[in-house]
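Undergrad:
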Amino acid sequence: MKFSIIIPNWNGKKILAKNLPAVLATGADEVIIADDGSKDDSVDFIKDKYPQVKIVTHRHLGFAKNCNDAVKKAKGDIIVLLNSDVLPAKDFLNTLRFDFQDPTVSAVSLNEKQWSWATAKWEKGFVIHGPGEKAKQNHISFWASGGSAAFRKDIWEKLGGFDSLYYPFYWEDVDLSYRAWKRGLRVIWDPQSVVKHKHEGTIGLNFSKKYIDFISQRNQLLFIWKNITSIKMLYEHKIYLWKKIFREPGFLKPFAAALIKLPKVFWRRFKEIKEAKISDQEVFSLFN
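Next comes the structure, spelled out in structure tokens:
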């Protein structure tokens, strides 16, 4: 079993300079910097200081395409995605070797001190997710974080990786994990695979909180419209969606932005209906 660590990067030279040594010390078979069109000399810095690190570069395409492009070029059986501000423990890969011996495990979310496994519920027509209670043993997780998780490459490729529908960021990892669940696979959280998230990421530095909230709300709608195939749940979503728009006029903007993407949602939705093996209700019942 070989591990490829992929670090998405966008203008994160200073963060990489601090954290990359810890990543290289883990003994991963391969470390890849997936650079999404940085303009801060990140690429030249890596080439000069860390020639053993593979670099995948392209123009600014957003988080999903940046990661997908790097995964295609990775040689490992297991892909570990780490944000540039995530410091892994030196031995964090050891326990993952056992986790992926189970062929039903599609992804493993890593143990950040402030988070745990992800839980979720369907409430008033929307997906509400958050951290579950810390556990000492492996636990199923609604999703594996795109900033600190390991993914089985063959399943990643079968599912098509992160969906660029969610450009520029957010909800890609929830979407990928949910699609795995509906195909009868599992996502787990491993408390023994420890990482430290320093929260120095570039999203908060390059985008306003208002814009980030807008994208998150829009992408939640896209996730529901693409993945929820239960007629009952969709009917409930329709009722509470209009109530939300009426009560929160500011929600009209992300709603309109999601509507524009409906043509792209439809063909993806058809694929999910065709390939799903278990129902939406069954997935959510695992966490309630």
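The number in the working numbering is simply the position in the sequence shown, starting from 1, with 9 added.
C-beta: ideal position from N, C-alpha, C; glycine also.
These figures come from a predicted structure and were not determined experimentally.
#1: How many Å lie between F232 and W180 at the Cα?
#2: Starting from K122, trace the beta strand (DSSP E) both ways and give me its first and last residue.
#3: Using a threshold of 8 angstroms, state whether the C-beta atoms of G85 and K11 are closer than that.
#4: Using the Cβ count rule (16 or more neighbours within 10 Å means buried), how would you classify L91?
#5: Quick one: which unbroken alpha helix (DSSP H) runs of 4-plus residues sit fully inside the region 179 to 239? Chain order, please.
#6: Cα separation between K247 and P272?
#7: Out of L268, V117, K122 and E142, which has the shortest C-alpha to C-alpha gap to A129?
#8: State buried or exposed for A153, treating a residue as buried only when at least 16 other CB atoms are found within 10 Å of its CB.
#9: Could you tell me whether the region 170 to 187 touches the region 95 to 109, where touching means 3 or more Cβ pairs closer than 8 angstroms?
#10: Output yes or no for whether 8 angstroms exceeds the beta carbon distance between V62 and A43.
#11: How about K22: is its C-beta nearer than 8 angstroms to some C-beta of chain D?
#12: Helix, strand or coil: which one does DSSP assign to K63?
#13: With distances taken Cα to Cα, identify the nearest neighbour of A37 among H206, S225, R68 and I88.
#14: Does the count of Cβ pairs from the region 68 to 86 and the region 42 to 57 closer than 8 angstroms reach three?
#15: Please determine, among S202, K207, S239 and P258, the residue with the shortest C-alpha to C-alpha distance to F109.
#16: Would you mind sorting W251 into buried or exposed? The rule is 16 or more other CB atoms within 10 Å of its CB.
#17: Under 8 angstroms between the Cβ atoms of A127 and F151?
#18: Assign F255 to one of two classes, buried (16 or more other C-beta atoms within 10 Å of its C-beta) or exposed (fewer than that).
#19: Mind checking who T113 pairs with in its DSSP beta bridge?
#20: List the DSSP bridge partners of W131.
#21: For L29, which residues from the same chain have a beta carbon less than 7 angstroms from its beta carbon, with the 5 sequence-adjacent residues on both sides left out?
#22: Quick check: the Cα distance between L261 and A98, rounded to an integer number of angstroms?
#23: Going by the beta-carbon positions, is the gap between F264 and L230 smaller than 8 angstroms?
#24: List the whole-angstrom C-beta distance separating V196 from A83, where the pair is believed to meet the contact cut-off of C-beta under 8 angstroms.
#25: Would you mind sorting N120 into buried or exposed? The rule is 16 or more other CB atoms within 10 Å of its CB.
#26: Which ranges does the beta strand (DSSP E) cover as unbroken runs of at least 3 residues, wholly within the region 18 to 90, from first to last along the chain?
#27: Can you tell me where the beta strand (DSSP E) with F160 in it begins and where it stops?
#28: Which of the three DSSP states, helix, strand or coil, is assigned to L295?
TA: Concretely, from the data shown:
#1: F232 and W180 have their C-alpha atoms some 7 angstroms from each other.
#2: Boundaries cannot be given for K122, as no beta strand (DSSP E) includes it and DSSP labels it neither H nor E.
#3: The beta carbons of G85 and K11 sit closer together than 8 angstroms.
#4: With 16 or more Cβ atoms within 10 Å of its Cβ, L91 is classed as buried.
#5: With a minimum length of 4 residues, the unbroken runs of alpha helix (DSSP H) contained wholly in the region 179 to 239 fall at 181 to 191, 212 to 215 and 218 to 236.
#6: Looking at the two C-alpha atoms, the distance is approximately 18 angstroms.
#7: Taking each of L268, V117, K122 and E142 in turn and checking the Cα distance to A129, the smallest one comes out for E142.
#8: Taking all protein chains in view, the Cβ of A153 is crowded by 16 or more other Cβ atoms within 10 Å, so the residue is classified as buried.
#9: The answer is no - the region 95 to 109 does not touch the region 170 to 187, with fewer than three Cβ pairs under 8 angstroms.
#10: Cβ atoms of V62 and A43: not closer than 8 angstroms.
#11: Judged by its chain identifiers, the structure shown contains no chain D, having just a single protein chain.
#12: If DSSP states are grouped into helix, strand and coil, K63 belongs with the strands.
#13: Ranked by Cα distance from A37, the first of H206, S225, R68 and I88 is I88.
#14: Taking a contact to require three or more Cβ pairs closer than 8 angstroms, the region 68 to 86 and the region 42 to 57 qualify as touching.
#15: Comparing Cα positions, the closest option is S202.
#16: Label assigned to W251: exposed.
#17: Pairing A127 with F151 gives a Cβ-Cβ distance under 8 angstroms.
#18: Within 10 angstroms of the beta-carbon of F255 lie fewer than 16 other beta-carbons, which makes it exposed.
#19: Partner residues in a beta bridge of T113, as assigned by DSSP, do not exist.
#20: According to DSSP, W131 bridges with V136.
#21: Same-chain partners within the cutoff: Y59.
#22: Spanning the alpha carbons of L261 and A98 requires a straight line of approximately 43 angstroms.
#23: A contact, by the Cβ cut-off of 8 angstroms.
#24: Taking the Cβ atoms as the reference, V196 lies roughly 20 angstroms from A83, outside the contact range of under 8 angstroms.
#25: With at least 16 other beta carbons inside 10 angstroms of its own, N120 counts as buried.
#26: If only uninterrupted beta strand (DSSP E) runs of at least 3 residues are considered, those enclosed by the region 18 to 90 are 39 to 45 and 63 to 67.
#27: Unbroken beta strand (DSSP E) run through F160: S157 to R161.
#28: Assignment of L295 by DSSP, reduced to helix, strand and coil, places it in the coil class.
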